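Written below as structure tokens is the structure these notes are about.
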Amino acid sequence: MQPTNMADDGPAGKSPPEVSAQESMEATFAKQLANHLYAMAHAGKFKDLVLVLDPETLGEVRPSLHKEVVDKLTMELPKTLVNSSTDDIVKTLNAAIA
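The numbering used here puts the last residue of the sequence shown at 90; the count rises by one with no breaks.
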């Protein structure tokens, strides 16, 4: 998934005036990710979903998830793995499952 025009799309709902540009972009990404997951779930692209996101983003995404996505959610893992190797990601997921 590639985020689209973050500045023009904006987050879901109203943002308080004290929200920084960075926080607004993170909320917009969370909304776009939730919408993307819904489109994929609705199209039958996955049967089960393991959602691995950094804790802050997971907290942003969770309330925006559609019931159709939540029903397919088998595990949530609040973990930052963005700079991890594939082997480290596999080890982390295996440890979370065990």
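Cβ coordinates follow ideal geometry from the N, Cα and C atoms, glycine included.
All values reported here derive from a predicted model rather than from experimental measurement.
Residue from the options with nearest C-alpha to residue i
| i | options | result |
| --- | --- | --- |
| E18 | P70, D46, A33, D40 | D46 |
| K71 | S16, H58, A90, V42 | V42 |
| A22 | Q14, K37, K59, T49 | T49 |
Sub-7 Å separation of residue i and residue j beta-carbons
| i | j | result |
| --- | --- | --- |
| A26 | K64 | no |
| V53 | L69 | no |
| L85 | V61 | no |
| T20 | D40 | no |
Contiguous beta strand (DSSP E) assignments of at least 3 residues, all confined to the region 39 to 74: The DSSP assignment places 41 to 45, 65 to 70 as complete runs of the beta strand (DSSP E) inside the region 39 to 74, in order along the chain (cut-off: 3 residues).
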